[in-house]
Amino acid sequence: MAIPITVLDCDLLLYGRGHRTLDRFKLDDVTDEYLMSTYGFPRQFIYYLVELLGASLSRPTQRSRAISPETQILAALGFYTSGSFQTRMGDAIGISQASMSRCVANVTEALVERASQFIHFPADEASMQALKDEFYGLAGMPGVIGVVDCIHVAIKAPNAEDLSYVNRKGLHSLNCLMVCDIRGALMTVETNWPGSLQDYAVLQQSSLRSQFEAGMHKDSWLLGDSSFFLRTWLMTPLHIPETPAEYRYNMAHSATHSVIEKTFRTLCSRFRCLDGSKGALQYSPEKSSHIILACCVLHNISLEHGMDVWSSPMTGPMEQPPEEEYEHMESLDLEADRVRQELMLTHFS
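Structure (structure tokens):
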């Protein structure tokens, strides 16, 4: 006798029908230590994310039993913080690999939708002045409202425009432009730039440059390293300092710029999916860009909740441009050079 073949949803096969949502895993059933070691965040932080993202993660579904927001968030946090996809992390909360992938996509989309809520420059003058005061207190560099740099995140080779994502190391990546404050909170994040673009080219095409050149942040500037061009709104170090004032300027610049290097190490140690140790992100450039942005949103939320650096930083130095790029970046416009000379004369002589 012929036996009819039915394609079964493996989640339904494992857990049957009954409730509308699948609550396979309860936060109250495990210890705080387990949550930190497995998902990288404490219980109250996860509850906050459930409240923040719950409505987006409870959208209507064609499936008879949707996965609860809590379970979706745990699945995504497990991936972001371990860099491991899916079998082990899915087993921990009782969902299949396919469901794990859907959870990561859903939570990533929900976080990206809220990026502007958590990643932005201060809107009022008092807050901007507070930024300047904090940076000045760090190393004596006046007028600074943020530190800018780029970081590469490895991705799989895309199907189209393959060469545009190949960086100078021969790897496929996204070159991500970020600005942070003195605490490491991100105020600008652009994660969509192909890895073949050098840092100065990313900044040249960015919305960040458009904002500053339109005069949105007058009487203020960013600090960038020697992979960028000097601009009236972007102070870079001198390639070959000669006077005592120039040496003092470079030392203050370096001490202040180190804030973003620490921020990059924190991001990559907290969100191991970004650090390349588990391999490249196995997604299209667009989806990989969204995952990076989602991790940046979580980074800022964690700082708001008092979570500073808690894990070991990456080993090895941050990537630096080769020497010939430093020479190239010394090409100046006269007004930017005048601003930097005046800064050194006024504050570092």
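So the sequence shown is residues 68 to 416, counted in the working numbering. Ideal placement from N, C-alpha and C gives every residue a C-beta, glycine not left out. Here the structure is a predicted model, which means the values were calculated and not measured.
Own chain partners of residue i with C-beta closer than 8 Å, once the 5 adjacent residues on each side are dropped
i: E257; result: C243, L244, M245, V269, S273, S274 and L275
i: T323; result: F202, L205, A206, M208, V211, V214 and L290
i: N367; result: F185, I186, A252 and L253
i: L401; result: none
Rounded separation between residue i and residue j - CA only
i: L178; j: M208; result: 34 Å
i: L264; j: N234; result: 7 Å
i: L230; j: P261; result: 9 Å
i: F108; j: S125; result: 22 Å
i: I212; j: D200; result: 9 Å
i: Y232; j: S240; result: 6 Å
i: A403; j: G373; result: 38 Å
i: L412; j: G237; result: 43 Å
i: G343; j: N259; result: 17 Å
i: I134; j: A172; result: 13 Å
i: G161; j: I249; result: 41 Å
i: T105; j: S149; result: 8 Å
i: E309; j: I327; result: 26 Å
i: Q196; j: H284; result: 11 Å
i: Q387; j: L297; result: Because the pLDDT at Q387 is just 41, under 50, the model does not fix this residue reliably, and the value given afterwards should be weighed accordingly. Answer to the nearest angstrom: the Cα atoms are 17 Å apart.
i: S369; j: A227; result: 36 Å
i: A347; j: L144; result: 18 Å
i: T255; j: P136; result: 28 Å
i: A281; j: S123; result: 35 Å
i: Q278; j: Q271; result: 12 Å
i: T138; j: H414; result: 54 Å
i: L453; j: D96; result: Absent from the structure is residue 453, since the part of the chain shown begins at 68 and ends at 416.
Cut-off 6 Å between Cβ atoms - residues of its own chain near residue i, not counting five sequence neighbours on either side
i: V215; result: V246, L289 and G291
i: T330; result: C247 and G251
Member of the options whose CA lies at the smallest distance from the CA of residue i
i: M167; options: Y147, I186 and S183; result: Y147
i: R181; options: D248, M302 and H357; result: H357
i: F188; options: D99, E309 and L253; result: L253
i: Q408; options: Q164, T299 and N367; result: T299
i: H320; options: N367, E371, D400 and L410; result: L410
i: Q184; options: V364, F415, L370 and S416; result: V364
i: R405; options: T255, T303 and Q196; result: T303
i: R418; options: F295, Q271 and D375; result: Limits of the chain in this structure are 68 at one end and 416 at the other, which puts residue 418 out of reach.
i: A293; options: A281, G282 and I307; result: The sequence as given places Ser at residue 293; Ala does not occur at that position. The shortest C-alpha separation from S293 is found at I307.
i: A142; options: F279, S151, C170 and F415; result: C170
i: E176; options: S151, S355 and S325; result: S355
Contact set for residue i: own chain, Cβ-Cβ below 7 Å, skip 5 residues either direction
i: I479; result: Nothing about residue 479 can be read from this structure; the chain reaches only from 68 to 416.
i: C217; result: N242, C243, L244, D266 and V269
i: R110; result: L94, D99 and L102
i: L341; result: V220, L334, C335, I359 and C362
i: S416; result: A312
i: F295; result: D266, Y267, L270, L301, T303 and M396
i: S151; result: K345
i: S325; result: none
i: E371; result: none
Expected contact under 8 Å - CB spacing of residue i and residue j to nearest Å
i: G478; j: D286; result: Absent from the structure is residue 478, since the part of the chain shown begins at 68 and ends at 416.
i: N317; j: L305; result: 6 Å
i: R337; j: K345; result: In fact, because the Cβ distance is near 14 Å, the residues do not count as touching under 8 Å.
(message) I'd like to know if the region 349–363 and the region 218–225 are in contact, where contact means that at least 3 CB-CB pairs between them fall below 8 Å.
(response) yes
(message) Does the structure place the region 183–200 close enough to the region 297–314 that three or more beta carbon pairs sit under 8 Å?
(response) no
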